[in-house]
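Numbering (the working numbering), first residue to last: -17 to 292. Glycine is no exception: its CB is placed at the ideal position from the N, C-alpha and C atoms. Every value quoted in this text rests on a predicted model; they were computed, and no experiment measured them.
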Amino acid sequence: MPWVVLRFPESETIEAVPAKWYDKANKLCKFPPVDDHTEKELSNFIIEEYDPLEEWPIHEAVLESQTEFENSEQDSDGSDLVFEHSFPKSKKEQHEKCTPSKSRTHPNIGLENKQEVKTVQETSKPTPTNANAQETAISYLIRIKRTLELQEQKLSEIDRKVDELSTIIRGQQKSTDITDDEVHKKLPLSTLEELGDVEKLLENATNLDNFVIYMRQVGGFDYKESVRRCLKKIFNDQLAVIYSFQGHKGKNPFNKTLICTAVIKSILKLHIDCTSKEVEVAISKWLAKAKERMKKNEEHTINFNLEIKS
């Protein structure tokens, strides 16, 4: 029975399955419902080469390779059998030809003939060696599948690092454009006019990349602290209080600014396990507490002045 190694694009996995599960012309494969069966049951379906059922789901699949185990003769007399993937096709025919009812129609079959029939039937039985070889083949294909999946993960990690290094290199290259120092010198921002000036500078792609790198240097042990440290460096509370992330309650929308884009990019590069949504929520909370921070600072200032006078 032939076997095929398939790649399933929808799940980006590779699996070895019996060829009768695969429709090569349409590149479709029937596969047992994964949620309805244990891993052991699924393995048995594959190893035992179950016939596909009508209710099995159909998946898109790309043929990676194909192999076949079949009978072959080791020497000219055909005395030795080589491992095959399923029961010999000739077993049923041999059994039908050698049953007692058949032998009665051929009176010339004697004791020697019966002995030959018995020998052929015993030879046709699958041996433990066949079963072990079958399991070994499946195990080998599964190892290939796992190896390919690990390689895909490593390639994704390499792509991420290359992208990160490219950003750093671009930031280090000298440019005749306005330098990122002109952005840094304007921080922290305290008026809408200052924010507008920085936005114009960040319209230059090189300046934006450099600003992302600069924000990453602020650091933080997690993404929430990094968000607080970045925004505190960019804004004072007098300006932050007139902003919300999406512009709710008549405030200015921070998510429409290039500064916001740079902050989110820098946090995602610094903390690769967090998501854009988590960073956006952290920014929104920091902006929402600007009024509370202003009130606390005013109280501290009043108390400090009273202590000096006393």
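{"Asked": "Spatial distance of L45 from R(-11) (CA atoms)", "Found": "7 Å"}
{"Asked": "Residue environment, D59, which counts as buried when at least 16 other CB atoms sit within 10 Å", "Found": "Note that D59 scores a pLDDT of 41, beneath 50, so its modelled location is shaky and nothing firm can be said."}
{"Asked": "Collapsed DSSP secondary structure at K9 in the structure displayed", "Found": "coil"}
{"Asked": "DSSP three-state assignment for N218, whether helix, strand or coil", "Found": "coil"}
{"Asked": "Where A(-2) sits in the DSSP three-state scheme", "Found": "strand"}
{"Asked": "Paired residues, beta bridge with Q48 - DSSP", "Found": "V(-14)"}
{"Asked": "Cβ distance (whole Å) where N189 is taken to contact V165 below 8 Å", "Found": "6 Å"}
{"Asked": "Member of K22, S25 and H41 whose CA lies at the smallest distance from the CA of D5", "Found": "H41"}
{"Asked": "Whole runs of the alpha helix (DSSP H) within the segment 165 to 248, excluding any shorter than 4 residues", "Found": "174 to 184, 187 to 198, 205 to 216 and 219 to 222"}
{"Asked": "Collapsed DSSP secondary structure at Y122 in the structure displayed", "Found": "helix"}
{"Asked": "Alpha carbon of F13 to alpha carbon of I126, nearest angstrom", "Found": "19 Å"}
{"Asked": "Whole-angstrom C-beta distance between A264 and Y205, which should lie under 8 Å", "Found": "7 Å"}
{"Asked": "Of the listed residues K251, A187 and T283, nearest to E139 (C-alpha basis)", "Found": "K251"}
{"Asked": "Assumed close pair V194, S248 - CB separation to whole angstroms, cut-off 8 Å", "Found": "5 Å"}
{"Asked": "Which of helix, strand or coil DSSP assigns to Q97", "Found": "In this predicted model, Q97 has a pLDDT of only 49, less than 50, meaning its place in the structure is not dependable; the value taken from the coordinates is given anyway. Here Q97 sits in helix by DSSP."}
{"Asked": "Span of the alpha helix (DSSP H), counted from its first residue to its last, around I28", "Found": "E21 to I29"}
{"Asked": "Three-state class that DSSP yields for E42 in the structure shown", "Found": "strand"}
{"Asked": "Buried or exposed by the 16-neighbour rule on C-beta atoms within 10 Å, applied to R198", "Found": "buried"}
{"Asked": "Check whether N218 and L184 have beta carbons under 9 Å apart", "Found": "no"}
{"Asked": "Proximity to Q133 [Cα-Cα], best of I(-4), M276 and P(-16)", "Found": "I(-4)"}
{"Asked": "Beta-carbon contacts of Q48 that lie in its chain and below 8 Å, excluding the five residues immediately before and after", "Found": "P(-16), W(-15), V(-14), V(-13) and A1"}
{"Asked": "Exposure of E(-6), with buried meaning 16 or more beta-carbon neighbours within 10 Å", "Found": "exposed"}
{"Asked": "Rounded straight-line distance, which links the Cα of W38 to that of K9", "Found": "16 Å"}
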